[in-house]
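Protein sequences appear in the order of chains R and S.
Taking the working numbering, I'd label the letters of the first sequence as residues 1 to 239.
Taking the working numbering, I'd label the letters of the second sequence as residues 1 to 239.
Built from N, CA and C at the ideal position, the CB exists for glycine as well.
No experiment lies behind these values; they were computed from the predicted model shown.
2 protein chains.
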Amino acid sequence: MITRAELQLLRSLRDKRHREELGLFAVEGEKIVSELLAAGHLFEKIYATSSWKGERTHEIGEEEMARASHFPTPSPVLAVGRIRREALQAGELDRGLTLALDQVQDPGNVGTILRIADWFGLDRVLLSPGCADLHSQKVIQASMGSFARVRAIVAELGTALAGVGAPVIGCALEGRDVHGLCAMADAVVVIGSEGRGLSDEVRGLLTFTVTIPRRGKAESLNAAVAAAVVCDNLRRPAG
Amino acid sequence: MITRAELQLLRSLRDKRHREELGLFAVEGEKIVSELLAAGHLFEKIYATSSWKGERTHEIGEEEMARASHFPTPSPVLAVGRIRREALQAGELDRGLTLALDQVQDPGNVGTILRIADWFGLDRVLLSPGCADLHSQKVIQASMGSFARVRAIVAELGTALAGVGAPVIGCALEGRDVHGLCAMADAVVVIGSEGRGLSDEVRGLLTFTVTIPRRGKAESLNAAVAAAVVCDNLRRPAG
């Protein structure tokens, strides 16, 4: 059973504004909920129909799920999590490897970048407030469970990147060859928006820019693809 | 003006089966049609409303476009192209760099991989018949114009890869470190399906497998992301 008020709350969580007001987010789908549970994510509530084999806090009927779901074809499980707003520690960006996203608006790209940061063992991902919302279904789903493992912080890049001790490296169409980045231990790599690239504010804070050498004629690479190539170069042993 | 028969034909092109029977495909949207025209693609017909500023062969009304379009919100232009079925030349895979896709089913991944092949100047992309259809709107759109520039060939990989003189390299979770691939001039790199990886048939034809070293906990990387990292390593100068 689910009350009318609960149903209304669940439906409201598809909007970023409501998520932020309530401090809650919702994620649906057997695969992604299983991945997050396997990664140790603690949900507040897990609504599920009888066909869901995993853990639950509330058993509900298929008709109730159809009304709660954001999908045309509802899945057997809908989990509600609490939004943890991570804050940058003083000097945190001076150490380790950070991917910073400057208005990366496509949720598929943001989720894929969380997965990339997880694969390459980066220390954190920084998202400007103009990025796709970290707590949206599409971002969490594209992250394939990495959402639960990667430290992700929303922050104004103009403030966060000012005075960072590590090199702040922008990805751009003109810059040093990315193949020179081998085995950097401390760095912030900034990925720009899909359409407009790096913002002027961020450009003013860069130590230098890097480019993935182009041999053909494509105008650009997808933001997540570029992030992965740069991470692979950062993680490559020197020599 | 557009006849009823033409309208029916345009609408039928959203299905792969009809595209193959008719030897035609359709692509909609100002950005992608402009990119393909800029890349020199020759369309058979270009239907456009008065708000489209580019070239056209047929001016049609907005209501007609709404009926012809595959989109809930139609764009001002719908272009029809002829499907050119490229065939592999004897010994073609022995020379240059090839990306071969083994049942990569997500059209966004296939399109993004065409864009990657274009950026890194690869010689061709081979698609197994189980891949997302090369002539679907989503593949062409995700390729960002690279559809018109990259030589793409649909072929059974079991036949195409048998007896190839160049190394046939599979991307897998276990294999040699990808950082050993620098500056290969002739190679075929095989990317497996998103869910199941490389098929057994293809595995039997590989010279060796490579892996992108993992430092964190993600289970895998997206197919297009993995393809890009491997291409960057192939294109990296030795030493």
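- Look at S:G111 here: in three-state DSSP terms it is helix.
- At a cut-off of 8 Å between beta-carbon atoms, R:I46 makes no contact with chain S.
- Cβ contact annotation for R:P213 (same chain, cutoff 8 Å, sequence separation greater than five): D177, V178 and H179, in chain order.
- Nearest C-alpha to S:A66 among S:V189, S:L205, S:R215 and S:E28: S:E28.
- Rounded to the nearest whole angstrom, the CA to CA distance from S:A228 to S:L114 is 10 Å.
- Not a single C-beta of chain S is nearer than 8 Å to the C-beta of R:M184.
- In this structure, S:T98 is the residue among S:T98, S:S199 and S:L173 with its C-alpha nearest to the C-alpha of S:I153.
- For R:E28, the uninterrupted beta strand (DSSP E) run begins and ends at L24 to E28, by DSSP.
- In the DSSP assignment, S:S146 forms no beta bridge with any residue.
- Only residues of its own chain outside the window of five on either side were considered, and among them P107 have a CB closer than 6 Å to the CB of R:K138, listed in chain order.
- Comparing alpha-carbon positions, the option among R:F147, R:A132 and R:L127 lying closest to R:V188 turns out to be R:L127.
- Under the criterion of beta carbons closer than 8 Å, S:L93 and S:A166 qualify as touching, at roughly 6 Å.
- DSSP places S:L234 in the uninterrupted alpha helix (DSSP H) bounded by A223 to L234.
- Under DSSP, R:G197 forms a beta bridge with R:S193.
- Ranking R:I169, R:R235 and R:A223 by CA distance to the CA of R:R203 puts R:I169 first.
- Closest in C-alpha terms to R:A117, from the list R:L88, R:L10, R:V210 and R:A148, comes R:A148.
- Nearest to S:A132 by C-alpha distance, out of S:F25, S:R82 and S:K16, is S:K16.
- A distance below 6 Å between beta-carbons, with the five flanking residues on each side excluded, links R:R19 to the following residues of its chain, in chain order: L13, F25 and H135.
- Burial is judged here by how many other beta carbons sit within 10 angstroms of a residue's own beta carbon; R:Q141 has at least 16 and is buried.
- Pairing S:Q8 with S:G61, the inter-Cα distance amounts to about 16 Å.
- At least one beta carbon of chain S lies nearer than 8 Å to the beta carbon of R:V229.
- Short of 7 Å from the beta carbon of S:A162, and not among the five residues preceding or following it, lie these beta carbons of its own chain, in chain order: L205.
- Nearest in C-alpha terms to R:T57, of all of R:V80, R:I46 and R:S50, is R:I46.
- Within a 10 Å sphere around the beta-carbon of S:M1 sit fewer than 16 other beta-carbons, which makes this residue exposed.
- When C-alpha distances from S:V230 are compared across S:G197, S:D200 and S:I191, the shortest belongs to S:I191.
- Within the same chain, G158 come within 6 Å of S:E201 by CB-CB distance, once the 5 residues on both sides are set aside.
- The beta carbon of S:R11 sits closer than 8 Å to the beta carbons of R67, A68 and H70 from its chain, once the five residues preceding and following it are set aside; these are given in chain order.
- Inter-residue distance for S:G216 and S:F43 is about 47 Å (C-alpha atoms, whole angstroms).
- Where S:G158 is concerned, there is no enclosing beta strand (DSSP E), although the alpha helix (DSSP H) around it starts and stops at L157 to A160.
- Distances from the alpha-carbon of R:T207 to those of R:W119, R:A172, R:V33 and R:A238 put R:A172 closest.
- Closer than 8 Å to the CB of S:L221 there is at least one CB belonging to chain R.
- According to the DSSP assignment, S:L126 belongs to the beta strand (DSSP E) that extends over R124 to L127.
- Straight through space, the alpha carbons of S:E219 and S:R235 are spaced by roughly 26 Å.
- Listed by position along chain S, the residues whose Cβ is nearer than 7 Å to that of R:R215 are F120, G121 and R235.
- S:V33 has its alpha-carbon roughly 11 Å from the corresponding atom of S:G81.
- Note: R:R214 is not bridge-paired with any residue in the DSSP secondary-structure output.
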